[in-house]
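In the UniProt record's numbering, the protein residues as written are 1 to 553.
Step one of this worksheet: look at the structure below.
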């Protein structure tokens, strides 16, 4: 996701970041701190032994320091230590609290443990060391006695064999084989007797000497990362809350269906934005483009007129018909009506007779902008209206050269009314019209807008930042391009930064439409007889004709 999109998302949903920031600050500051590790004191104690194992004749024994570690942490030693200490858990759990380290070069063995109290630490270290010494002494005694018993058993077996062989040799005194066997058994017996005598006279001594008994020492506590004061905890909580808020906003941006920037709009429509019109907080209810207004909003509509006129000049027109500019959007509230009214006013201001045409018969509001009043209601049938002269159906706008064609008052299906409206386009040139600008219903939710697109010389697609649905925008762009692939331009209604007007090389169009209306498209309540309306128009036409002498004044 682009950084600009994230920044705009934070600006749009700043309250989420502030809310989580405040919540994080309050929770961290008000909540009681946990137990600091500095307050939870721990004591360490180490008992050091020196291993020296020799035999009576000075030869080395087989017990190694690795064996010492094994015996100290498994088997009988932990069981004895747990029993003496009154440990409630299992012996392996107690052994896990003791760290045994050995130095093979010096033969040192260290028992180290960390406990909540100094007494407990000393007791655990000393008990393990003492029980290891006791166990190894007992083990050596058991092993020596076992070897003596084995030697006696072998002597007894040899003695039995010698006695039996002597009896055979007495029967056969000249048998040399029996004599040799008896001599071998006598040698084996003598060797085993010497081994027995050596076992009796030689004692193995496993010497484990305490070099240093256990002494408790306070363990240096690790410094807690949690601030100790409420103020510092509040600052940390605010920082965490702000980071969490930005993360939440980023996630919301990813799942957001609305267009939130010009870049997103261009991706959704697949077109480059040719104009951006600045959005205002309070939507105008009438024309913005009037002679007395030269503000940035009015200038933006005049700039759009220049861009549209340039694009329109590059397209071909139907013979005998003024250029038709159809303004479409994906959904309601995207700013079509305000744009149509003010674009027509901008053309009229330049001296071109502009006719604004309404084809959004579900929510007709164009008349309010162009003429300052609601659409008229006709009491005649649609077939009769289609035969009337077009000048009788035009309403005079609030500025010179601006007129309105609005058949919203017909009691007729919208699709048929759109078709009747389009039939008058070819007659506009006869009454001096220079450009026709058409307001349509939403493309993504109605069908009649598509039938009007095929009548267009130029299709102006409008989107509104923070309002237009991106998926609907994509579908609208595909439909419009399929019907008018060479005659489409794109305008956007967006917020404009203070320096945007100084940028060169791109026209910006931002739309400021009327506030999005909710509910159904009820027709205006104004009811007039068609004969009276025609009479009014005829009187106006006779009283004063403009330019061609055929448009209502």
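All C-beta atoms in this analysis are idealised placements derived from N, C-alpha and C, irrespective of residue type, glycine included.
As the structure is a prediction and not an experimental result, all values here were calculated from the model.
| query | result |
| --- | --- |
| Residue from 50, 176, 181 with nearest C-alpha to residue 158 | 181 |
| contact_flag[the region 482–491, the region 352–369] where n(CB pairs < 8 Å) is 3 or more | no |
| DSSP three-state assignment for residue 358, whether helix, strand or coil | strand |
| Segment limits, beta strand (DSSP E) that includes residue 193 | Element bounds for residue 193: not the beta strand (DSSP E) but the alpha helix (DSSP H), 176–201. |
| Buried versus exposed, by CB contacts within 10 Å (16 or more), residue 9 | buried |
| C-beta neighbour in chain D for residue 251, strict 8 Å | The chain inventory of the structure shown lacks chain D, comprising one protein chain alone. |
| Every unbroken alpha helix (DSSP H) within the region 314–358, with a cutoff of 4 residues, ordered by chain | 336–349 |
| Endpoints, the beta strand (DSSP E) within which residue 172 is located | Taken as a continuous stretch (DSSP letters only), residue 172 belongs to no beta strand (DSSP E), as it is neither H nor E. |
| Reduced DSSP secondary structure (H/G/I, E/B, other) of residue 405 | strand |
| Separation of residue 331 from residue 486, as counted between CA atoms | 23 Å |
| Where residue 489 sits in the DSSP three-state scheme | strand |
| Chain-order list of residues whose beta-carbon lies under 7 Å from that of residue 126 (same chain, five-residue window excluded) | 47, 213, 214 |
| According to DSSP, residues forming a beta bridge with residue 464 | 493 |
| Separation of residue 233 from residue 31, as counted between CA atoms | 9 Å |
| Residue from 28, 99, 136 whose Cα sits closest to the Cα of residue 231 | 28 |
| Where the beta strand (DSSP E) containing residue 389 begins and where it ends | Taken as a continuous stretch (DSSP letters only), residue 389 belongs to no beta strand (DSSP E), as it is neither H nor E. |
| Own chain residues within Cβ distance below 7 Å of residue 319, not counting five before or after | none |
| Alpha-carbon to alpha-carbon, residue 235 and residue 121 | 40 Å |
| Beta-ladder partner(s) of residue 112, from DSSP | 46, 99 |
| 8 Å Cβ shell around residue 498 - same chain, five flanking residues per side excluded | Because residue 498 carries a pLDDT of 38, less than 50, the predicted location of this residue cannot be relied on, and the following value inherits that uncertainty. No residues qualify anywhere along the chain. |
| Minimum C-alpha distance to residue 44 - residue among 186, 191, 217, 19 | 217 |
| Closest residue to residue 135 among 188, 248, 67, 156 (Cα-Cα distance) | 67 |
| Residue span of the beta strand (DSSP E) that contains residue 414, given as start and end | Note, residue 414: premise wrong, no beta strand (DSSP E); alpha helix (DSSP H) at 414–423. |
| Within 8 Å, strictly: CB atoms of residue 286 and residue 369 | yes |
| 7 Å CB neighbourhood of residue 152 in its chain, flanking five on each side removed | 196 |
| Candidates 193, 309, 253, 344, of which the one nearest residue 3 by Cα | 253 |
| Among 15, 21, 364, nearest to residue 240 - alpha-carbon criterion | 21 |
| Span of the beta strand (DSSP E) around residue 274 | 273–278 |
| Which listed residue (455, 391, 326) has its alpha carbon closest to that of residue 439 | 326 |
| Residues bridged to residue 555 (per DSSP) | The requested residue 555 does not occur in the structure, where the chain is confined to residues 1 to 553. |
| Integer Cβ distance of residue 415 from residue 447, believed to fall under 8 Å | 7 Å |
| Boundaries (first-last residue) of the beta strand (DSSP E) holding residue 235 | Careful: residue 235 lies outside any beta strand (DSSP E), inside the alpha helix (DSSP H) at 230–255. |
| Residues bridged to residue 210 [DSSP beta-bridge criterion] | 49 |
| Residue 441 classed as buried or exposed, judged by whether at least 16 other C-beta atoms fall within 10 angstroms | buried |
| Buried versus exposed, by CB contacts within 10 Å (16 or more), residue 171 | exposed |
| For residue 208 and residue 132, believed in contact at Cβ under 8 Å, the rounded distance | 7 Å |
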